[in-house]
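Take a look at the structure set out below.
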Amino acid sequence: MVERAGTGVLTAERAGPTARVEEHHAPRSFLGRYVFSTDHKVIGLQYLLTAMLMALVGGALAVMIRYQLAWPEKTVVTPETYLALVTMHGTIMVFFVVSLALVSGFGNFLIPLHIGARDMAYPFLNMLSFWTVVPGCLLMLAAFFVEGGAAAAGWTAYPPLSALKEAVPGSGLGQTLWLLAMALFIASFTMGGLNYITTILNCRAKGMTLMRMPLTVWMFFVSAVLGVLAFPPLTAAALMLLGDRHLGTSFFLPGGLVFGEEVLAHEGGTPLLFQHLFWFLGHPEVYVIVLPAIGIAFDVIATHARRPPFGYRISVYATLLIAFLSMIVWGHHMYVSGMNPLVGEYFSIATVSITAPFSVLGINLIGSLWRGQIRFTTPMYFALGIISVIGTGGLGGLYLGTSTTDVYFHDSYFVVGHFHLMIGVVTLMGTFAGCYQWFPKMFGRLMNERLGKLHFWLTFVPMMAVFVLMHYQGLSGMLRRYYDHSLFEFQTAGRALNKPITYFALLAVGGQLVFLVNFFWSARRGVRASENPWEGASMEWNTASPAPHGNFGPEDPVARRGPYEYAPQDSHQEYLPQWTA
Amino acid sequence: MKLVLGTLTLCAFFGSALSPTSPTTSFGPAPASGALVTASPGEVGSVKGKALFQGEAPRRRKVDMGSDPACHALHAEDARDESVIVGEKGELANVFVWVSKGLEGKEFALPTTPAELDQKGCTYVPHVLGMRVGQKLVIKNADPVTHNVHSFAKKNKAFNQSQQGGGKSLEQVFDKEEVLMQVKCDIHGWMSTYVGVVAHPYFAVTKADGAFEIPGLAPGEYTLSAKHEVFGTQKTAITVKVDGVVETAFTFAEE
Amino acid sequence: MTVHPSSAAPAGRGSAPLLAGLFVATAVLVAYGFWSLGGLPELASRHGVSIDATITYLFVTTGILFLLGHGVLTLFVLRYAGSAERAAPERGSPHASSKLEWRWALVPVLVMCVIAEGGVLIVGMPAFAQLYGEAPPDSFVVEVVGKQFEWLVHYPGPDGVFGRSEAKLVNDARNPIGLDKKDPAAKDDIYTRGQMHLPVGRGALIRLRALDVLHSFTVPQFRVKQDLIPGFLGRTQFEPTRTGQYELACAELCGLGHYRMRGFITVESQEEVDQWLSEQEPAF
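Chains A, B and C are the protein sequences, given in the same order.
If you read the first sequence in my numbering, its first letter stands for residue 359, the second for the next number, and so on.
If you read the second sequence in my numbering, its first letter stands for residue 84, the second for the next number, and so on.
If you read the third sequence in my numbering, its first letter stands for residue 3, the second for the next number, and so on.
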């Protein structure tokens, strides 16, 4: 066991699930403790559980989509319902599952523990942000039960389709609910982001310089800054769209729109404006959710490869560069939208330049294994899997970022496969790696390793199969958001892969049940964990498992070195915790 | 400040949600107030007449079904546009004729059978349909292809539903009078039908010979209107006497 | 009970070959799949040659990077699997010098700048220029009007001038693109529902407009895709190089009939196109 002389920190012997050091500060009522809690760890778990519930919905929608695509002749759903499924699957998964679980859930749970803070800077705002997103979830789900059905204009909600009830059945009340739910989500996410930024800048423990923060915290920081900068334009776009829908404004609607031989009264707007506003958020949003997953991968790899991450500082700089570039490349979603081709060419040059800092992150992830002593734990499995998925999906981005090839790939299944790998599989695997890694800090127990590894195989293999096969469909010219591909002859080749993809998708969805069982079973019955079961060197391991209210013992923790002092050069110890003298 | 702005934003969102976008209409016949009018022969008269077109009849264009070969295959010879059908002597078909004034406040028993609209050979049958407020409309699809049935109702609630070839019938009920509500298929842009929804049984659609007849009208003064999808509406005042037949004619012309 | 999985022998040493196998399989299968399943529809346009060349260029370059990355990952997983001894000095210190780290940051930056920017600026530019540059002066001009869920194809007729059109004149059955009868240039115009005939070996300039929502004009064999935006007059251009019939599809979600929005493009000799045009009914 590691020596802790003179730190005043709880020793492993005294620590345990029952050792609640700050018990007297902790709220005692059930409501105060578990429902309207201001404790960042409880809020983090609330987000995580909410995201799990929403993931059940999003997953069920995915199964229905895949069923329709594999067996279109059975017509289980109508075309308008299919569009609602696609739209809601995308929205729920991007915003209400991945963003909630990874950014809001783990961001809340990990940031104070990682930087040695006792809570977030604004605990009440934190609670408010959670209770703002809950009605958002409910409104989003309510859209399924209103007349005309849920929103059906795609998760991108491009007007005029999303602006006019004449355009598609889902553009009735369903689209209004969608916009309201998104507004609540954005409000919540902005509150969370401001909280993260303030906490990271102002609440770090003594000695926790910025360059002593774990990469996960850096990634959350960058992600929060991106989120706070990028979301307001979408809020504006949502408000303007509501105006076009209900108040007779024409931000996104030009003159001369004809529906049923009737010319609409709108005049003077342009649908392209919405696309610019949407992607000004939409592209940074990708990094908002991908970066934390990469951060978690760095931390998990460092812990289990028993060495500091390769190029820590360089990774930080690369991330900052990625964040900057991600704000100025939104137009690559619009190469064929009718935008000036010269502007498109600029966006293309800027977009593919992101591959430079991004591949630095990739090299550093792989380099972090170099001369390590890899312990193949479940979180490490997922972290290694992330490297492979980034290596596959990331390179696919070049085909789409290059304006010339995007002319062919735009809105094909290549896009669907690419973004699912990057913002679906990478982020999910990051979330899972985080769950397996920090489960002891949540529940004082470890998740079951056998089930965990089974879960890895049932996640990596089928998900890679599904989304890589979609790349091939895209190469063959198959287009996305099609209810049935059988009408077009050129889609015959791609269509043949629909059934295999559906089988793999069912396997992937089923595999997640293993995780759910493991999660809830281990929370109650898992093996008891010590305060530092993985022999981690960063600050969160300097407290009991589960972490008590107030996070650390009576004395404030002090960071005396970086978070990754594994195999220290000038010490005979295997690792040096950040907090020991 | 941010919070205040956020709250304002939220208020604005909720405000717009409350604006009238979600019609809470109720279906079914109006509540039975006032006497139910039942007419029997010997107490009533009728209106008869013709719709005519003046001028050179526009050529009936070939309906180009090229965008859906499955529709094209349903026709041995080219289908012709049904919007303006003029007979040799100028008889105008597909004119919706109805009593537009003089029956206010009266209630009439609803027919027990539904009105029926079919999709055959990628056209609507009939091209102009008259029906009652509160009466059920059954929409069938006899074609082997998927259609969508999209109503552009202005007074009633609009609807838009897809319908599989040979699939289940759709049903609709309208609760307001609306004469010539366009119902169309967006998948096959040439497919349109016009539905006249009136609150009483006194309406007719002119046949190929341009003729119409509205029997069973109680004596009194009425306004009789006729509407054609292209040539617009015409009105005339009529006086119905017991056992009398009012003869009238509507003449339409190109604008 | 309290356990330290790490205080026992390093967890799961048998995992190294398993994971190595997984990554090798991933690399091999993904690359093989791209090779064997990823065929594009047979090319039928002039600028498409450059697009296909750019795709091939990316295949090769990203393929090498992909295989290299997975190769190194596999090697590291095998080589640096934890051993029973606490430290394995023969592996050397895991602390990379800052110089080494910067060197390995510079390598990917340089490689990606060359590969990625080279793809955009050098390999990809010719196709982009052909797609968006000046159309050849003798181009065959056609207008496509997108509406839910049809491609209305509009030809200028013998006078070569497109008649004026206006939204309020649109009548689904009689005048779907809203041509103005009063405009003399409109009289001889021709429109069809989803039937386009183009001469082979001659540049085609397609004017694009939409009546209701966004649509996207796409023909995979021609390697073209361009959105139709209500309120804008857009365009796309290409030169069909092979005769035959091609399907015109919509690539931008436009509503419940999006998946059925289908048109037909027949590429044939100029004489056959002229013959076909002369058989069509004029607008008025």
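We put the beta carbon where it would ideally sit given N, CA and C, even for glycine.
Check	Outcome
CB of I53/C within 8 Å of CB of A129/C, strictly	yes
Residue span of the alpha helix (DSSP H) that contains S249/C, given as start and end	In the sequence as displayed, the identity of residue 249/C is Glu instead of Ser. No alpha helix (DSSP H) holds E249/C; the beta strand (DSSP E) holding it covers 246-252.
Interface residues of chain B facing L200/C [CB-CB closer than 8 Å]	Here the premise fails: no neighbours, minimum Cβ distance about 15 Å.
Neighbour list for W153/C in chain F, Cβ cutoff strictly below 9 Å	Looking for chain F here will not work: the only protein chains present are A, B and C.
Under 7 Å from the C-beta of P178/C: neighbouring residues of chain B	G272
Assigned exposure category for G494/A - 16 Cβ within 10 Å defines buried	buried
Cβ distance (whole Å) where R853/A is taken to contact S770/A below 8 Å	Rounded, the Cβ-Cβ distance is 13 Å, inconsistent with contact.
Integer Cβ distance of P197/B from L220/B, believed to fall under 8 Å	6 Å
Limits of the unbroken alpha helix (DSSP H) element including V178/B	Element bounds for V178/B: n/a, residue is neither H nor E.
Segment limits, beta strand (DSSP E) that includes K149/C	142-149
Chain B contact for E847/A (CB, 8 Å cutoff)	no
F609/A vs T514/A beta-carbon contact at 8 Å	no
Touch test, the stretch 203-210 of chain C against the stretch 135-153 of chain C, Cβ-Cβ under 8 Å, three pairs minimum	yes
L406/A vs A459/A beta-carbon contact at 8 Å	yes
Three-state secondary structure assigned by DSSP to F940/A	Here chain A has residues from 359 to 939 only, and residue 940/A is not among them.
Where A18/C meets chain A, residues with beta-carbon distance less than 9 Å	I732, F734
Inter-residue Cα distance where the pair is A442/A and S520/A	12 Å
Limits of the unbroken alpha helix (DSSP H) element including E281/C	272-281
Cα-Cα separation between L318/C and W273/B, rounded to whole angstroms	Only positions 3 to 286 of chain C appear in this structure, which leaves residue 318/C out of reach.
Uninterrupted beta strand (DSSP E) stretches inside the stretch 221-271 of chain B (no shorter than 3 residues)	230-234, 243-246, 253-256, 261-267
Backbone CA spacing between M451/A and H778/A [nearest angstrom]	10 Å
N239/B at chain A interface by Cβ criterion, 8 Å	no
Supposed contact pair N856/A and A418/A - C-beta distance, whole angstroms, cut 8 Å	Not a contact, Cβ separation roughly 19 Å.
Classification of P139/C by the beta-carbon crowding that lies within 10 angstroms, buried from 16 upward	exposed
Listed by chain order, chain B residues near T396/A by CB distance under 7 Å	Neighbours of T396/A on chain B: none; closest Cβ ~16 Å, over 7 Å.
Member of F579/A, T408/A, T760/A whose CA lies at the smallest distance from the CA of C561/A	F579/A
DSSP three-state assignment for R48/C, whether helix, strand or coil	coil
Interface residues of chain A facing N243/B [CB-CB closer than 7 Å]	P527
For I732/A: DSSP bridge partner residues	A83/C
Partner residues on chain C for N231/B, Cβ-Cβ distance less than 7 Å	L258, G259
CB contact check: T713/A to chain B, cutoff 8 Å	no
Contact with chain B by T268/C, beta-carbon distance below 8 Å	no
Contact check, P518/A vs V215/C, beta carbons under 8 Å	yes
Sequence-distant residues of its chain with Cβ nearer than 7 Å to V232/B (five each side left out)	I222, Q244, Q246, L253, V266, C268
Rounded separation between M198/C and I267/C - CA only	5 Å
C-beta neighbour in chain B for E380/A, strict 8 Å	With a pLDDT of 43 at E380/A, under the threshold of 50, the modelled position of that residue is not reliable, and no figure is offered here.
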